[in-house]
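Residues in the sequence shown are numbered from 4 upward in steps of one, following the working numbering. Note that the Cβ used here is the ideal one computed from N, Cα and C, for glycine as well.
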Amino acid sequence: MSMTQAEALLASRRSTRAFLSDPVPRADIERILRSARAAPSGANLQPGRFHVLTGDALRDLSAALVGAVDRGQPPVSQYSYFPDPMPADLKAKQRAAGYALYAALGVERRDVQGRRAQFRRNYEFFGAPVGIVVTIHAGMGKGCFMDLGMALMALMIAAQGLGYATCGIGALANYADVAHDHLGLAQPELIVCGLALGRADPQAPQNQFCTERDTLDRFATLRGFT
Ligand SMILES: Cc1cc2nc3c(=O)[nH]c(=O)nc-3n(C[C@H](O)[C@H](O)[C@H](O)COP(=O)(O)O)c2cc1C
């Protein structure tokens, strides 16, 4: 059975954490945003906003974020991403994803400096030529976050269809206050995550690993099928 185009795009998507410097034309960004905008949303509220930065605009934001990280500014998130405390089974998944990245980079488990350097890369949008700051109105309910997630996935897949790679950056929310002030966003606009977008660096070690997934019977239950 041959793969559909959708299956092929979904199966080959990876979080990409090293990029070539090739600029992304505005026409491609608009095309990608149009696809993201086509995502469904409850009551068609279309609750998300995508602030797309490149060139000096991206460099300036990265400098502000990295400055905050390097100064040891305490993280301030406007919402909670993960359960707190994290249950052991989820902690194990989080660790596995982290170890896969660090193993690809040759960063040892006890190498605090190496880990910190990689953490810092989040705030440089992993060197991508395009960085996106993803926001939602702070008053939106949980369902609206689901809507935003669908638009985000549509954006990732549309980008991939044009030969670009992406990586979500939840870590951006740790310095939401910095990004918020720097971009002069409206007060109730809550920063959900960032996204790096550009052409993948095919040689970079951090792009050479693949994360695991739950088995299908854990992921879903099927009833009534023959
Ligand atoms: C909304 C979102 C936020 C993410 N935040 C980060 C992040 O801050 N830093 C990072 O290195 N990866 C981040 N990721 C990438 C995940 O770690 C990655 O999707 C997961 O490990 C599965 O790997 P895959 O995307 O290669 O399939 C994020 C992904 C999503 C969807």
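So who's on the other strand from residue i, going by DSSP bridges?
i, result
"F22", "A203"
"G197", "V136, I172"
"E192", "H140"
"Y178", "V79"
Which first and last residues belong to the alpha helix (DSSP H) in which residue i is found?
i, result
"A168", "Careful: A168 lies outside any alpha helix (DSSP H), inside the beta strand (DSSP E) at 168 to 172."
"V231", "Past the boundaries of the shown model lies residue 231; the chain is included only from 4 to 229, so the question cannot be answered."
"A99", "91 to 108"
"D150", "145 to 164"
"E10", "8 to 15"
"R221", "219 to 222"
With C-beta atoms as the reference, is residue i less than 8 Å away from residue j?
i, j, result
"A157", "N125", "no"
"Q81", "I194", "yes"
"L200", "Y167", "yes"
"R34", "L151", "no"
"T138", "L188", "yes"
Let me check you understand the geometry: is the CB of residue i closer than 7 Å to at least one non-hydrogen atom of ligand 2?
i, result
"T218", "Ligand 2 is not part of the structure shown, which contains ligand 1 as its ligands."
Are there 16 or more other CB atoms within 10 angstroms of the CB of residue i, so buried, or fewer, so exposed?
i, result
"A9", "exposed"
"V133", "buried"
"L159", "The sequence given here has Met at residue 159, not Leu. Under this definition M159 is a buried residue."
"T229", "exposed"
I'd like the ranges of any alpha helix (DSSP H) spanning at least 4 consecutive residues and lying wholly in the region 25 to 89. 29 to 40, 58 to 73
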